[in-house]
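With our numbering applied, the sequence shown corresponds to residues 126 to 410, in that order.
Idealized CB from N, CA, C, for every residue including glycine.
Predicted model, so just to flag it, every value in this text is computed and none were measured.
Since the structure comes first, as structure tokens, the remarks are kept for the end.
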Amino acid sequence: METGRVTSPGAEEDLGKEFRVLDKGFVRLIDYMGDDSAIVQAARVSYGEGTKKVSEDRGLIRYLMRNKHTTPFEMVEFKWHVKLPIFVARQWIRHRTANVNEYSGRYSVMKEEFYVPNEDRVQLQSQSNKQGSEGEVPPELRDKFLSVLLADAQLNFDHYKQFEQSDIARELARIGLPLSTYTQWYWKIDLHNLFHFLNLRLDKHAQQEIREYSEVMANTVKKTVPVAYEAFEDYVLNALSFSGLELEVIKDVLNGNPFNAALENSKLSAREKTEFLDKWRRMSV
126 METGRVTSPG AEEDLGKEFR VLDKGFVRLI DYMGDDSAIV QAARVSYGEG
176 TKKVSEDRGL IRYLMRNKHT TPFEMVEFKW HVKLPIFVAR QWIRHRTANV
226 NEYSGRYSVM KEEFYVPNED RVQLQSQSNK QGSEGEVPPE LRDKFLSVLL
276 ADAQLNFDHY KQFEQSDIAR ELARIGLPLS TYTQWYWKID LHNLFHFLNL
326 RLDKHAQQEI REYSEVMANT VKKTVPVAYE AFEDYVLNAL SFSGLELEVI
376 KDVLNGNPFN AALENSKLSA REKTEFLDKW RRMSV
């Protein structure tokens, strides 16, 4: 029976390193458990004799990913130390499948650190996506936005320090701080749920700030479990799925009907048509 800790050269290379994100944030891998072999080991215990038909570990991992057999991927875990703006943390915490312990502003003094986007990041409200941003902002408006953002954050911190030093309870003094304030947490998650997080947060529709954190983490995951990450890219991240209504449009086109007519005659809503067109373009059709 095998004993001892399984190590991954890729994870060992990144372990403890601080990767900078945004202007003052970072991601640091604190600990991990398992590598590609841990996924295979768990799968073979689970499936027993049947998995011996798979000649290679890579083939087995790809089979598991392709057929959504997720449990073996839960045998690999990552623990991260992350420094991030509060507004990013509020998006991040919606992924409730992780263990989190965050810096407490009730017990500790909040550091005077807040996120200020660079000039290129300042964009207009997207007209096609209520959650998104796009388009160049006139320089005068951009400069005013950044100036006011910086001034407001500084003023809020000045008030916070004033009241905290006057012995106002920290749990109350902090409530006027801006969402741009940096917080920190330890975040531990298994690989299956981490893949789900990355699939959503690496997407082009995700907010740029959380996407930058995801890209750094994805690099470490790719080095830790290269075979599993390759399967994730092939079958999830870079894959497309179609609804029943979308498949009907595709069938109509394959049967010789013009695409525009097939789309117009479909039961897809206006929003669904837009989303389907995006998929159609991704296929370079």
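Item to check | Environment of S394 [buried if 16+ CB atoms lie within 10 Å] | outcome: exposed
Checklist entry - By a C-beta neighbour count over all protein chains shown, 10 Å radius and 16 as the cutoff for buried, is I335 buried or exposed? => result Classified as buried, I335 has 16 or more neighbouring CB atoms from the shown chains inside 10 Å of its CB.
Next on the checklist: Need the endpoints of the alpha helix (DSSP H) that Y354 sits in, please.
Outcome noted: If you look at Y354, you'll find it in the alpha helix (DSSP H) that goes P351 to F357.
Item to check | Distance between S409 and M389 (C-alpha atoms, nearest Å) | outcome: In the sequence as displayed, the identity of residue 389 is Glu instead of Met. E389 and S409: Cα-Cα distance of roughly 20 Å.
Checklist entry - Within 10 angstroms of its Cβ, does D148 collect 16 or more other Cβ (buried), or is it exposed? => result exposed
Checklist entry - For R407, does the count of other Cβ atoms within 10 angstroms reach 16, so buried, or fall short, so exposed? => result exposed
Checklist entry - Of the residues E138, E371, L325 and K204, which one's Cα is nearest the Cα of W310? => result Nearest of E138, E371, L325 and K204 to W310, Cα basis: K204.
Item to check | Per-residue DSSP class, three states only, for H330 | outcome: coil
Checklist entry - In the DSSP assignment, what are the bridge partners of S258? => result Q250
Checklist entry - Just reading off the alpha helix (DSSP H) that T399 is part of, what are its end residues? => result A395 to R407
Next on the checklist: Rounded to whole angstroms, what is the Cα-Cα separation between E202 and L304?
Outcome noted: In this structure, the straight-line span from the alpha carbon of E202 to that of L304 is close to 30 Å.
Next on the checklist: Between L327 and A343, how many whole angstroms is the CB-CB distance? I'm expecting something under 8 Å.
Outcome noted: 6 Å
Item to check | Span separating the alpha-carbon of G369 from that of E340 | outcome: Going by the C-alpha atoms only, they are around 32 Å apart.
Checklist entry - Is the shortest distance between the beta-carbon of E237 and the beta-carbons of chain E less than 8 Å? => result Of the protein chains in this structure there is only one, and it is not chain E.
Checklist entry - Is A136 closer than 8 Å to K348 when the C-beta atoms are compared? => result yes
Next on the checklist: Are the CB atoms of I155 and A223 within a distance shorter than 8 Å?
Outcome noted: No, Cβ-Cβ distance for A223 and I155 is not below 8 Å.
Checklist entry - Can you give the beta carbon distance from F239 to Y338, rounded, assuming they're within the 8 Å contact cut? => result At roughly 17 Å, the Cβ-Cβ gap does not stay under 8 Å, so F239 and Y338 are not in contact.
Item to check | DSSP three-state assignment for E296, whether helix, strand or coil | outcome: helix
Item to check | Burial state of I293, where buried means 16 or more other Cβ atoms lie within 10 Å | outcome: Exposed.
Checklist entry - What three-state label does DSSP hand I218 in the structure shown? => result coil
Item to check | E181 versus N324 - alpha carbon distance | outcome: 26 Å
Item to check | Opposing strand residues paired with N224 [DSSP bridges] | outcome: K313
Item to check | Backbone secondary structure at E237 - three-state DSSP | outcome: coil
Item to check | Chain-order list of residues whose beta-carbon lies under 7 Å from that of E411 (same chain, five-residue window excluded) | outcome: Not covered by the structure: residue 411. The range shown for the chain is 126 to 410.
Item to check | Same chain only: Cβ atoms within 7 Å of P378, ignoring 5 sequence neighbours per side | outcome: Reading off the sequence shown, one finds Val at residue 378, where the question assumed Pro. Cβ neighbours of V378 beyond the five flanking positions: F384 and A387.
Checklist entry - Buried or exposed: which applies to S133, given that a residue is buried once 16 or more other Cβ atoms fall within 10 Å of its Cβ? => result Flag for S133 reads buried.
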